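Report on the following structure.
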Amino acid sequence: MEFSEDNNESVSFDTVWVYLNNHFVSQERAIVSVFDQGFLYGDGLFETLRSYNGKIFLLSEHLRRLQKGAKRLGIIIPKAEQLEQLLYATLSRNSFCNAMIRITVTRGAREWQESSGEVIPTLVIFARRFEGYPDKLYKKGIAGCLSTIRRNAKASQDPALKSISFLNNVMARREATALSAQEAILLNPEGFLAEGSVSNLFWIRAGRLYTPRKSVGILEGVTR
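Letter by letter, the sequence shown follows residues 183 to 406 in this note's numbering.
Dropping the structure here:
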């Protein structure tokens with residue numbers, strides 16, 4: 183896949199580069215149209231990935247889920263091999279080895295309230311240096327709460343889609359913050375355990391590891 187760098191701007195050694203629709207631009211110039219369907223309606227998908235020593239963890243699984251979701255939404259995105267190239271190019275351009283990486287795809291920009299006609303999808307990739315969480319969190323754990331916000335019903339917005347329409351999770355996370363907790367646990371519409379606002383859910387009982395079934399209505403986390 184070919185891409186270019188915007189040569190019409192001055193850069194410094196600490197410039198953070200963002201991939202936006204075939205170009206690498208500084209984060210200050212990474213601008214998406216106000217008519218983008220993702221901005222207006224949350225019409226898009228995203229994946230958040232982790233790299234260790236320059237290697238992206240479970241990359242194939244993330245891209246498989248993204249491709250599957252894009253197909254369901256009817257959004258045409260590059261092939262997995264091309265996306266892999268772009269993800270690693272983003273790490274390289276920023277000289278990141280240990281990082282959090284987000285890839286976002288939307289249906290693209292079209293005139294407001296138009297529902298037909300050709301539209302070119304928007305593709306954004308950015309990364310942030312990340313060396314891991316503090317050791318104390320692994321030793322002592324974090325505080326969680328049971329959220330009053332329920333996970334989306336499969337018949338409305340399928341939780342298996344990692345949609346940028348993330349309002350339920352945002353509201354649950356705000357609820358947790360208000361209670362001085364770091365994570366919120368969401369139930370599904372029927373009241374069964376589903377997942378965290380930004381995490382998969384596991385628990386141990388009698389020496390066995392459990393996690394909710396996919397049929398409960400959850401995002402199929404790649405680490406599951």
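Even for Gly, the Cβ is constructed at its ideal location relative to N, Cα and C. Quick caveat: nothing in here was measured; it's all calculated off a predicted structure.
Residues near residue i by beta carbon distance below 7 Å, same chain, minus five either side
i: A363; result: A325, G326, C327
i: T197; result: S208
i: A354; result: S329, I331, A366, L368, S379
i: I258; result: P303
Three-state secondary structure assigned by DSSP to residue i
i: A360; result: helix
i: I272; result: The sequence shown places Thr at residue 272, rather than the Ile named in the question. DSSP places T272 in helix when its eight states are reduced to three.
i: G290; result: coil
i: R247; result: helix
i: K237; result: strand
i: A388; result: coil
i: L401; result: coil
i: E229; result: strand
i: R355; result: helix
i: L222; result: helix
i: A366; result: strand
i: Q377; result: Note on identity: in this sequence residue 377 is Glu, with Gln being the wrong assignment. Note: E377 maps to strand in three-state DSSP.
i: R211; result: helix
i: L202; result: strand
i: R254; result: helix
Chain-order list of residues whose beta-carbon lies under 8 Å from that of residue i (same chain, five-residue window excluded)
i: L241; result: L231, E266, L269
i: A212; result: V200, L202, V306, F308
i: F239; result: L231, R232, S233
i: W294; result: F217, L222
i: A388; result: none
Closer than 8 Å to chain D by CB, residue i
i: T304; result: The structure shown contains no chain D; it holds only a single protein chain.
Burial state of residue i (16 or more Cβ within 10 Å)
i: Q219; result: buried
i: G378; result: buried
i: A358; result: buried
i: V352; result: exposed
i: P316; result: exposed
i: F206; result: buried
i: R247; result: buried
i: N204; result: exposed
i: E300; result: exposed
i: L383; result: buried
Neighbourhood of residue i by C-beta, 6 Å cutoff - its chain only, sequence neighbours within 5 removed
i: K336; result: G399
i: W385; result: Y392
i: L343; result: G251
i: T272; result: Y201, I307, A309
i: G236; result: C279
i: A291; result: S215, F217, D218
i: N370; result: R333, A376, V398, G399
i: P341; result: R333, N334, G399, I400, L401
i: L245; result: A262, L265
i: S347; result: G224
i: E229; result: H244, L248, I285
Integer-rounded CB distance, given that residue j should sit under 8 Å from residue i
i: P303; j: R289; result: 6 Å
i: V404; j: E243; result: 4 Å
i: A281; j: S233; result: 5 Å
i: S345; j: L227; result: 6 Å
Original post:
Curious, which full-length alpha helix (DSSP H) runs of at least 4 residues does the region 302-346 contain?
Top reply: 317-322
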